[in-house]
Amino acid sequence: MEDILKLGSFVVVSYLGLGLMFVVHALILAATGVSPLRFFRKVWPVLTFAFTSRSSAASIPLNIEAQTRRLGVPQSIASFSASFGTTIGQNGCAGLYPAMLAVMVAPAVGIDTFDPLWIATLVAIVTLSSAGVAGVGGGATFAALIVLPAMGLPVELVALLISVEPLIDMGRTALNVNGSMTAGVVTSQLLKETDKDVLAGDEHAELSHT
Numbered sequence: 239m240e241d242i243l244k245l246g247s248f249v250v251v252s253y254l255g256l257g258l259m260f261v262v263h264a265l266i267l268a269a270t271g272v273s274p275l276r277f278f279r280k281v282w283p284v285l286t287f288a289f290t291s292r293s294s295a296a297s298i299p300l301n302i303e304a305q306t307r308r309l310g311v312p313q314s315i316a317s318f319s320a321s322f323g324t325t326i327g328q329n330g331c332a333g334l335y336p337a338m339l340a341v342m343v344a345p346a347v348g349i350d351t352f353d354p355l356w357i358a359t360l361v362a363i364v365t366l367s368s369a370g371v372a373g374v375g376g377g378a379t380f381a382a383l384i385v386l387p388a389m390g391l392p393v394e395l396v397a398l399l400i401s402v403e404p405l406i407d408m409g410r411t412a413l414n415v416n417g418s419m420t421a422g423v424v425t426s427q428l429l430k431e432t433d434k435d436v437l438a439g440d441e442h443a444e445l446s447h448t
């Protein structure tokens, strides 16, 4: 029973971390003049599809369509951000998850997780290892298996968490896809190429891939 409670606690903590990253995305959007509430209302179908499918790659068509038809992002920027975000910009699977595991395991082997050099090394390795992680279900496990050995940490914890992996993976995938859409909107805003009428419109265009 104690082990089940520990796994449940990890799921809760993981979703708290994912929620924090959604807040970061919202702050970035607000800083570029986009209403976070309007953004999330418009992309909600994409996030729910990503959540249930657990596949960033499968969400690409819907991702692009939502950016162009609901957020006013040009086709070229939307296509680039959606595809690029599936392989490198995975905030949840290739960024947050392996970093969380590293911070959890490090104290058990006598590592000070507040050491600035250790933190900088972890950030660098997580960033490098994120390149090429498959945008499919379970991709975060492979990312963790790259990061932990590179940091000199045991990988046994990854096997222990396999049982709750699908529960966490749903939220991670939604975060991955949201990150790529945020990147597309922010890029479009900075380049002043956003169709303001589409972005500001309250009527949501139908998405053919839903």
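Here the numbering used here is used: the first residue of the sequence shown is 239, the next is one more, and so on. Cβ coordinates follow ideal geometry from the N, Cα and C atoms, glycine included.
Inset, instruction - Give the secondary structure of Asp407 by DSSP, where H, G and I count as helix, E and B as strand, and everything else as coil. - result: helix
Inset, instruction - Could you pull out every unbroken alpha helix (DSSP H) segment of at least 4 residues lying fully inside the segment 301–371, listed in chain order? - result: 313–325, 335–343, 354–367
Inset, instruction - Would you decide whether Ser368 is buried or exposed? Buried here means 16 or more other CB atoms lie within 10 Å of its CB. - result: buried
Inset, instruction - For the alpha helix (DSSP H) containing Val284, list its first residue and its last residue. - result: 274–291
Legend entry - Ala316 at chain C interface by Cβ criterion, 8 Å: Absence of chain C from the displayed structure is noted, only one protein chain being present.
Legend entry - Run of the alpha helix (DSSP H) containing Glu431, from where it starts to where it stops: Segment: none, Glu431 is in no alpha helix (DSSP H) and carries neither H nor E.
Legend entry - Best match in Val311, Val250, Pro274, Phe318 for proximity to Phe260 [C-alpha to C-alpha]: Pro274
Inset, instruction - Tell whether a beta-carbon distance below 8 Å holds between Ala264 and Val415. - result: no
Inset, instruction - Quick one: measure Cβ to Cβ for Ala340 and Leu360, integer angstroms, because I've assumed they're closer than 8 Å. - result: 6 Å
Legend entry - Nearest to Leu398 (by Cα), restricted to the options Val284, Thr379, Val436, Ala412: Thr379
Legend entry - Alpha-carbon to alpha-carbon, Ala344 and Phe352: 10 Å
Inset, instruction - Go through its chain and collect everything with a Cβ distance to Glu431's Cβ below 6 Å, but skip five positions before and after it. - result: Pro312
Inset, instruction - For Gly417, count neighbouring C-beta atoms within 10 Å of its own C-beta (all shown protein chains included) and say buried if the count is 16 or more, exposed if not. - result: buried
Inset, instruction - Inspect the beta-carbon positions of Thr270 and Leu428 and report whether they are closer than 8 Å. - result: yes
Inset, instruction - Whole angstroms is fine: what's the gap from Glu444's alpha carbon to Met338's? - result: 37 Å
Legend entry - Supposed close pair Ile315, Ser426 - CB separation, criterion 8 Å: 5 Å
Legend entry - Helix, strand or coil at Ala296 [DSSP, three-state]: coil
Inset, instruction - Please name the residue in Leu285, Val385, Gly257, Asp440 whose C-alpha comes closest to that of Ala412. - result: Leu285
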